[in-house]
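Chains as they are written, first to last, in our numbering: chain A, 1 to 80; chain B, 81 to 160. Single-structure report; data block below.
Protein chains: 2
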Amino acid sequence: MKAMIKVTLKNGVLDPQGKAIMGSLNSLGFEGYDNVRQGKYFELDIDADNKAAAQAKVKDMCEKLLANTVIENYEIEIAG
Amino acid sequence: MKAMIKVTLKNGVLDPQGKAIMGSLNSLGFEGYDNVRQGKYFELDIDADNKAAAQAKVKDMCEKLLANTVIENYEIEIAG
Chain A
1 MKAMIKVTLK NGVLDPQGKA IMGSLNSLGF EGYDNVRQGK YFELDIDADN KAAAQAKVKD
61 MCEKLLANTV IENYEIEIAG
Chain B
81 MKAMIKVTLK NGVLDPQGKA IMGSLNSLGF EGYDNVRQGK YFELDIDADN KAAAQAKVKD
141 MCEKLLANTV IENYEIEIAG
């Protein structure tokens, strides 16, 4: 099975990378956008008996390594 | 409207960050996973008349700034 994980900063946590991207988009002449936030994205293949088991395993990986749960949220999607 | 963008390395491009994460997962005792790849994730609010216009605008942002199309793919999702 394939797991896709999005890790994003929690609301209220400052995002200097996002601000820098907004500055660059502005320099390039883009308009009509706001609230740019940068996060991380992971993909991995996982062996598990079923989707629930895969989800639980990946949740454990997120809690222990992939996300800093003090300032970040994570979202897991398991595909076929 | 809200745009969500995933930027991932193309197949065949080496991913040292992914390899490092695999090493760390291994040290933590995880098993049964493979092919860890790290990418980037962006969220932004965008003003546009319709989803197609928003998609076109964000595609332009990806081509010019958010993704390095020589080595990266991007995937855009427009919500609400």
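Backbone N, C-alpha and C define an ideal beta-carbon position, used for all residues, glycine too. Model, not experiment: these values are computed from the prediction.
**Study point:** Integer Cβ distance of glycine 32 of chain A from alanine 136 of chain B, believed to fall under 8 Å
**Key:** By a beta-carbon distance limit of 8 Å, glycine 32 of chain A does not contact alanine 136 of chain B. Their separation comes to about 12 Å.
Practice item. Compare the C-beta of threonine 149 of chain B against all C-beta atoms of chain A and say whether one is closer than 8 Å. Key: So, not an interface residue.
Practice item. Could you list which residues in chain B have their beta carbon closer than 7 Å to that of asparagine 35 of chain A, in chain order? Key: Among the residues of chain B, those whose CB is under 7 Å from the CB of asparagine 35 of chain A are Leu124, Asp125, following chain order.
Exercise for review: Please confirm if the region 34-42 of chain A is in contact with the region 103-121 of chain B, defined as three or more CB-CB distances below 8 Å between the two stretches.
Suggested key: With the cut-off at 8 Å, the region 34-42 of chain A and the region 103-121 of chain B touch.
Check your understanding: Within the 8 Å Cβ cut-off, does lysine 144 of chain B reach chain A?
Key -> It does: the Cβ of lysine 144 of chain B has a partner Cβ on chain A nearer than 8 Å.
Practice item. Closer than 8 Å by C-beta to isoleucine 151 of chain B: which residues in its own chain qualify, once you throw out the five before and the five after it? Chain order, please. Key: In the same chain as isoleucine 151 of chain B, and ignoring 5 residues on each side of it, the C-beta atoms closer than 8 Å to its own belong to Leu89, Lys90, Val93, in chain order.
Check your understanding: Does the beta-carbon distance from valine 7 of chain A to alanine 79 of chain A come in below 8 Å?
Key -> Taking 8 Å as the cut-off, the Cβ atoms of valine 7 of chain A and alanine 79 of chain A do not count as close.
**Study point:** DSSP three-state assignment for lysine 164 of chain B, whether helix, strand or coil
**Key:** Outside the shown range of chain B, which is 81 to 160, sits residue 164 of chain B, and nothing can be said about it.
Point to revise | Contacting residues, own chain, Cβ-Cβ under 7 Å from asparagine 130 of chain B (five flanking each side not counted) | key: Cβ neighbours of asparagine 130 of chain B beyond the five flanking positions: none.
Check your understanding: Can you tell me the Cα-Cα spacing of isoleucine 21 of chain A and glutamate 75 of chain A, whole angstroms?
Key -> Cα-Cα distance, rounded: 23 Å.
Check your understanding: Counting along the chain, where does the beta strand (DSSP E) carrying asparagine 68 of chain A start and finish?
Key -> That residue, asparagine 68 of chain A, is in no beta strand (DSSP E); it is neither H nor E in DSSP.
**Study point:** Reference methionine 4 of chain A, options A:Lys64, A:Gln17, A:Ala54, closest by Cα
**Key:** If we check each option's Cα against that of methionine 4 of chain A, A:Ala54 comes out closest.
Point to revise | Three-state class that DSSP yields for aspartate 127 of chain B in the structure shown | key: It is coil, neither helix nor strand.
Practice item. Kindly indicate if chain B contains any beta-carbon less than 8 Å away from that of alanine 48 of chain A. Key: For alanine 48 of chain A, the answer is yes, since a Cβ of chain B falls inside 8 Å of its Cβ.
Point to revise | Backbone secondary structure at methionine 1 of chain A - three-state DSSP | key: In this structure, DSSP gives methionine 1 of chain A a state outside helix and strand, which the three-state scheme calls coil.
Review point. Excluding sequence positions up to five away, which residues of its chain have a Cβ less than 8 Å from the Cβ of leucine 145 of chain B?
Key: Correct list: empty, nothing qualifies.
Point to revise | Interface partners of tyrosine 154 of chain B on chain A, CB under 7 Å | key: Within chain A, no residue comes near tyrosine 154 of chain B; the closest Cβ sits about 11 Å away, beyond 7 Å.
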